[in-house]
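>
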Ligand SMILES: [Zn+2]
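Chains as they are written, first to last, in our numbering: chain A, 1 to 172; chain B, 1 to 174.
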């Protein structure tokens, strides 16, 4: 069985959440693996790979800080390992008027092209009456950037702007 | 010739400022051969700096000429006591380092440089470089200052749209 669990926390963004949560984990002797934390729509979301002893003890230890910051939390046993990064070789950026289903449309085309997504973030900018949708995806793909570009052009509406760029990683 | 051990961060020798090379002798040439052997033995690096094998001297090797996708380049370069004397433009690009395994990140580098360096015979040479080759040189020269690309990371997420604007402007100028 894997030594890793995934802790997910979400709650209204407040000052000091990260410090408070990680202090508890440190005190419980948990080791952090890869983590991702960010503010989404005024909420703070955290996903942390943890390696620690008893799950029950961790949940118990976190209960106080969860109450204090009104965080919802969730712990899952996961099959995971460190030192297993894949390098993205392509980046797709899309922007256009906010439209229902844009992420689904774009990712369907990319999936059909064999792209495996390593990182995706989307955002809504602009204003309430004129929202602007931004989507950034990095992934690994056998197809060339040009081929993905053509596939997206064929599938997406004219008013959606996008670009596909090859990512060349310099090793030195 | 020998494959040397590559120092991994953290190691104080990777943080030292390298000394200038003064003697262009047989011992130096042997070291250059070993350094190149070490670069070629690894996972496809386009450059390597002497401090990465614990020789804290101002010497790097850069060679992007064998990349799958070709970029403008000056072939195989041994750059001794190198100095960048002009910078122009900037560009975000993804980098990794032999001394920092299993991690890559975005770094801003000058898009064009003018570089002055000595070759293994001690002759002073001047190169005008751009794009990927200029990036490789800047990455390696950082090692001579005791710096790693980790010291220059920019966010993977926030730079993208700025980069697009920059490219569009560049296109409009051209
Ligand atoms: Zn390096």
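Beta carbons are placed, not taken as given, at the ideal position from N, Cα and C, and that holds for glycine.
Small disclaimer: the values here were computed from a predicted structure and weren't measured.
Three-state secondary structure (DSSP) at residue 121/B?
coil
> Let's see if you can read the secondary structure: which residues bound the alpha helix (DSSP H) around residue 130/A?
Counting along the chain, residue 130/A falls outside any alpha helix (DSSP H), and DSSP gives it neither H nor E.
> Would you say residue 53/B lies against chain A (beta-carbon separation less than 8 Å)?
no
> Taking beta-carbon pairs under 7 Å, can you tell me which members of the region 85 to 118 of chain A lie near chain B?
85, 87, 93
> If you measure beta-carbon to beta-carbon, which residues of the region 141 to 168 of chain A are closer than 8 Å to chain B?
163, 166, 167, 168
> List the residues that DSSP assigns as beta-bridge partners of residue 39/A.
Answer by DSSP bridge pairing, in chain order: 44/A.
> Excluding the five sequence neighbours on either side, which residues of its own chain have a C-beta within less than 7 Å of the C-beta of residue 118/A, listed in chain order?
86, 88, 138, 139, 140
> Report the rounded CA-to-CA distance for residue 60/B versus residue 133/A, giving the unit in angstroms.
45 Å
> If you pair each beta-carbon of the region 62 to 82 of chain B with each one of the region 133 to 148 of chain B, do three or more pairs fall below 8 Å?
yes
> Please state the DSSP three-state secondary structure of residue 12/A.
When secondary structure is reduced to three states using DSSP, residue 12/A falls in the strand class.
> Indicate whether the contact test is met: 3 or more Cβ pairs, each with one atom in the region 9 to 18 of chain A and one in the region 75 to 85 of chain A, closer than 8 Å.
no
> I need the DSSP call for residue 14/B, collapsed to helix, strand or coil.
helix
> On a Cα-Cα basis, can you pick out the residue from 34/B, 53/B, 43/B that is closest to residue 14/B?
53/B
> Enumerate, from N- to C-terminal direction, the unbroken beta strand (DSSP E) stretches of 3 or more residues contained entirely within the region 89 to 135 of chain B.
91 to 97, 100 to 109, 112 to 118, 124 to 130
> Give the straight-line distance between the Cα atoms of residue 99/B and residue 162/A, rounded to the nearest whole angstrom.
35 Å
> With distance defined between alpha-carbon atoms, name the residue in 44/B, 126/B, 132/B, 37/B nearest to residue 82/B.
126/B
> Does the count of Cβ pairs from the region 2 to 12 of chain B and the region 31 to 45 of chain B closer than 8 Å reach three?
yes
> In this structure, does DSSP put residue 49/B in helix, strand or coil?
In the displayed model, residue 49/B falls within a strand according to three-state DSSP.
> DSSP on residue 2/B, reduced to helix/strand/coil?
coil
> Is there a Cβ from chain B that is less than 8 Å from the Cβ of residue 31/A?
no
> In terms of DSSP beta bridges, what is residue 97/A paired with?
Looking at the DSSP output, residue 97/A sits in a beta bridge with 132/A.
> Please state whether DSSP places residue 66/B in a helix, a strand or coil.
coil
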